[in-house]
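Please read the structure below before turning to the comments.
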Amino acid sequence: MTVDQPKYKTSDEVDFVIVGSGAAGGILAKELSTNGFRVVVLEQGPYLTESDFTHSEVEILTQNKLTNHPELQPTSFRKTPEEKATPQRAVLYGRCVGGTSVHFTANFWRFHEIDFVERSKIGPIAGTGFTDWPITYADLEPYYTKVEWEIGVSGLAHASPFDPPRSKPYPMPPLPVKSSGVIFERAAHKLGWHPFPAPMAILSQPRPGRSACIQCGFCLGFGCEVGAKSSSLVAAIRVAERTGRCEIRPNSYVHRIETDSNGRAIGALYFDEQRNTHLQKAKAVVVCANGAETPRLLLLSANKQFPNGLANSSGLVGKYLMLNSGGTVTGLFEHPLNDYKGYCVSRVLHDFYELDPQKVGFYGGGGLDARYDFTPIGFAFGGVPPGTPRWGKDFKATLSHNFSRTMEIFCHGTSLPLENNSFSLDPDLKDAWGLPALCLTYKDHPDDLKLGNWLFARAHELYEAAGAQKHWGFPAAESQFAVHLLGTCRMGNDPKGSIINPDHRTHDVKNLFLCDGSSLVTSGRGQPTMTIMALAFRAAYRITALAKRGEING
Amino acid sequence: MNESLNRRLFLSRGISGLTAVWASTHWPALLAAADHARHATQSATPPKFEFFTPEQAKEIDAITSRIIPTDETPGAREAGVVYFIDRALNTFQKDAQKTYQEGLPEWQARVSEMFPGITKFSAATPEQQDEVLHSFDEGGDAPRRAFRSRHGARNFFETVRQHTIMGFLIDPDYGGNHEGAGWKVIGREREHTFQPPFGYYDKDYPGWQPLEEEADKK
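Going line by line, the protein sequences match chains A and B.
Per my numbering, the very first residue in the first sequence carries number 1; after that it's consecutive.
Per my numbering, the very first residue in the second sequence carries number 555; after that it's consecutive.
This is the structure in structure tokens:
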């Protein structure tokens with residue numbers, strides 16, 4: 001709803017230009033414009049709204065209507081920096097106003113205290129960049145609460161004995177339980193584990209201009225046609241627009257941050273829909289383009305003064321990528337669960353959030369959730385047990401029997417930060433605009449794979465306790481496809497070991513700020529969007545304070 | 555490909571490998587194909603094929619009908635899958651035309667080779683037809699007879715298989731999957747809002763309770 005938006009000229013030096021309108025960019029747009037600043041948000045994708053969000057799975061699966069496009073934006077992959085990368089689809093992210101928060105599952109647990117200080121607790125891990133955050137859970141807690149109340153998160157406070165401290169309860173009760181959640185909860189209780197209602201960024205009660213969840217069953221991968229999913233599109237961008245100080249400029253593909261002779265950012269250079277180039281001038285630039293595109297933009301912005309890319313004096317831009325380990329274990333039950341109805345995840349457990357490396361023999365920890373996120377076509381290709389005939393009467397009979405009787409347990413785990421794991425510029429491959437394509441380099445740390453298998457074993461244990469007729473999964477395998485895009489411009493106090501300081505300001509360029517998944521120092525145990533939004537609220541507070549003290553360009 | 559991570563994704567999990575390449579190309583026309591399939595199966599007058607000759611269409615329909623056969627419930631034939639494929643090949647899936655054009659003659663040659671005297675797949679018995687599918691299906695059980703296929707023919711079977719599944723299960727509100735035939739088969743109601751209880755296991759759920767030990771301690 002592009003109402004009452006100002007139209008700034010590109011020559012107007014606005015206070016902030018924000019690159020990207022996703023989980024972080026949307027929040028920063030809301031907060032900075034609310035705080036009185038003039039803001040332009042440049043979003044590479046289109047501006048879609050509720051009426052554009054259909055239930056056509058084919059549209060989502062084939063047109064990439066909400067996500068990056070493999071033909072316009074090819075990518076490449078290699079396991080190690082020594083190899084030549086092969087062109088292949090290697091990354092998935094939201095490419096529309098609201099970014100990935102438009103189509104995500106909306107699992108919204110907070111990181112725990114341990115995620116910020118784990119290196120101090122368990123000691124160094126050789127060959128990794130494992131380190132503590134420069135901020136603690138306590139620093140972020142007020143902003144987690146802000147996310148829950150301002151964006152809209154359903155949940156039950158104190159339901160998990162492992163939850164970190166919180167200053168307020170959730171603003172609304174959990175969503176109704178699904179059959180998968182009941183099976184999960186009962187079996188977990190038998191095993192002495194502690195399941196709890198999943199905190200979800202989906203409304204269980206209506207809010208002004210937004211419906212409560214109608215349980216349509218097209219959730220992961222789809223935009224919400226009633227505004228129940230708490231994307232930055234519905235929960236933040238519209239607030240920013242109502243300030244009258246924020247312009248959302250879609251179909252604007254930023255490919256360079258320009259700097260002046262003093263090494264200050266002067267604005268963002270972008271292609272409009274017709275591929276004409278413009279420079280939006282600004283007093284400060286905030287990049288929230290995600291953990292893949294943010295480092296890419298810094299590398300694309302190399303110039304004489306910054307030959308290795310902007311903010312890259314450490315040489316670490318794009319490195320220490322973490323994707324989160326884990327995967328699904330699928331189960332089949334006697335009676336219909338009809339889990340295709342409704343949102344995806346209704347129960348979670350955190351009993352294994354913090355595993356003792358001395359006991360299990362590896363570093364890591366994770367969470368399990370009970371879910372169903374298959375679409376009908378997706379189920380036919382990926383939801384049937386191994387060994388099912390691929391066609392014919394028995395194939396059809398299996399689809400017919402299993403579709404309503406299947407559930408999944410998703411295992412979410414840590415990834416260790418390794419310097420070799422990165423996003424970089426492919427030396428050969430170009431995107432449709434002629435710019436170097438993203439290259440993913442990734443090889444999981446052995447502990448990440450061990451953790452995955454350990455969590456899968458717990459999921460199988462749970463299915464046994466639940467009396468599943470059948471349950472199956474696949475051994476943890478090395479990643480070649482990136483969805484959670486974390487750690488590539490990480491936060492720290494040391495300019496040699498990090499890209500941004502705790503104010504999200506780059507160590508090298510005083511009026512350049514970065515905030516998104518790239519800011520994370522550790523991977524958490526999956527489900528990073530809640531933390532990305534909390535960081536964005538905090539970043540907005542810090543940046544506002546700097547601006548008001550005249551310290552951004554002073 | 556990392557199976558576990560991959561499975562997180564609606565996208566690559568749903569449509570992996572070949573299909574992802576196929577599917578990611580031309581979505582609007584895919585819907586057009588689905589719409590075509592819907593109108594074709596709804597139409598009282600005999601529908602026209604746009605890519606296939608009537609003879610070819612009969613053979614493709616026969617193949618799709620072995621991939622998702624008609625039994626006590628509807629199959630690919632009732633869902634109008636051949637019309638979905640026909641439109642696809644004339645619109646968004648033009649690059650698969652060759653796969654069909656080269657694959658179908660080899661397919662028919664295989665029929666004659668396996669069952670002398672039968673020149674058309676559609677003329678074979680269902681059992682014979684299944685034998686032919688098995689002989690091409692290298693992704694499933696080992697072939698029952700040793701045949702050497704050119705790459706194109708293997709690709710043909712896999713392409714038809716994937717097209718058939720998509721044409722059978724796409725949301726009928728957006729065309730194809732005629733009268734929701736595919737959704738009836740898998741037991742998905744055609745509603746788009748639901749209320750709890752959703753299924754068997756949550757219907758008597760009394761409400762969330764913590765683990766009893768914990769409750770006892772308090």
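Don't be surprised by glycine CBs; every beta carbon is placed ideally from N, CA and C.
All of these numbers come straight from a predicted model, not from anything done at the bench.
Neighbourhood of residue 715 of chain B in chain A, by CB distance below 9 angstroms: 390, 391, in chain order. Neighbours of residue 403 of chain A in chain B, taken as residues whose beta carbon is under 7 angstroms from its own, are 740, 741, 742 in chain order. Residue contact with chain B for residue 56 of chain A: present (Cβ-Cβ distance below 9 angstroms to some residue of chain B).
Counting every other CB atom within 10 Å of its CB across the protein chains shown gives residue 507 of chain A a total of 16 or more, marking it as buried. In the structure shown, residue 27 of chain A adopts helical secondary structure according to DSSP, grouped into three states. One thing to note: residue 323 of chain A has its Cβ no nearer than 9 angstroms to the Cβ of residue 143 of chain A. Put simply, the CB of residue 727 of chain B is near chain A, with a gap under 9 angstroms to one of its CB atoms.
Taken in chain order, the complete beta strand (DSSP E) segments of 3 residues or longer contained in the region 60-138 of chain A are 75-78. Remark: three or more beta-carbon pairs, one from each stretch, lie closer than 8 angstroms, so the region 305-321 of chain A and the region 410-424 of chain A are flagged as touching. As DSSP reads the structure, residue 472 of chain A sits in a beta bridge with A:330. When the Cα atoms are used, residue 273 of chain A and residue 253 of chain A turn out to be separated by approximately 8 angstroms.
Residue 604 of chain B places its beta carbon less than 9 angstroms from that of residue 640 of chain B.
Taking 9 angstroms as the cut-off, the Cβ atoms of residue 396 of chain A and residue 753 of chain B do not count as close.
For a cut-off of 8 angstroms, the C-beta gap from residue 332 of chain A to residue 470 of chain A is around 4 angstroms, short enough to register as a contact. Distance check between residue 66 of chain A and each of A:251, A:147, A:302, A:107 places A:251 closest, using alpha-carbon atoms only. Around residue 244 of chain A, the same chain offers 4, 6 as residues with beta carbons nearer than 7 angstroms, after the five sequence neighbours per side are excluded. Under the 9 angstroms criterion on CB atoms, residue 766 of chain B is classed as interfacial with respect to chain A. In the DSSP assignment, residue 184 of chain A falls within the alpha helix (DSSP H) that extends over 179-190. CA-to-CA, the gap between residue 685 of chain B and residue 530 of chain A works out to about 53 angstroms.
At least one beta carbon of chain A lies nearer than 9 angstroms to the beta carbon of residue 736 of chain B.
Shown in chain order are the members of the region 182-214 of chain A whose Cβ falls below 9 angstroms from a Cβ of chain B: 182, 183, 185, 186, 188, 189, 192, 193, 194, 195, 196, 197, 214. Between residue 348 of chain A and residue 369 of chain A the beta-carbon gap is near 5 angstroms, inside 8 angstroms, which marks them as a contact.
Pairing residue 187 of chain A with residue 399 of chain A gives a Cβ-Cβ distance that is not under 9 angstroms.
Secondary structure of residue 153 of chain A (DSSP, three-state): coil. Using a Cβ-Cβ cut-off of 9 angstroms, residue 749 of chain B counts as an interface residue toward chain A, since at least one Cβ of chain A sits closer than that to its own. Per DSSP, reduced to three states, the secondary structure at residue 266 of chain A is strand. Of all alpha-carbon atoms in B:719, B:758, B:733, the one lying nearest the alpha-carbon of residue 375 of chain A is that of B:719.
CA-CA distance, residue 42 of chain A to residue 48 of chain A, rounds to 14 angstroms. Note that the region 189-204 of chain A touches the region 216-230 of chain A; at least 3 beta-carbon pairs, one per stretch, sit closer than 8 angstroms. Under a criterion of Cβ atoms nearer than 8 angstroms, the residues of chain A adjacent to residue 621 of chain B are, in order, 391, 392, 395. Contact check for residue 736 of chain B and residue 633 of chain B: beta-carbon distance about 5 angstroms, within the 8 angstroms limit, so the pair qualifies. Here residue 715 of chain B is buried. Its C-beta has 16 or more other C-beta atoms within 10 Å. In the structure shown, the three-state DSSP call for residue 658 of chain B is helix. Close to residue 335 of chain A, with beta-carbon spacing below 8 angstroms, are these residues of chain B in chain order: 753, 754, 755.
Taking a C-beta distance under 9 angstroms as the contact criterion, residue 286 of chain A and residue 299 of chain A do not qualify as a contact pair. By the Cβ neighbour-count rule, residue 494 of chain A is exposed, with fewer than 16 other Cβ atoms within 10 Å of its own.
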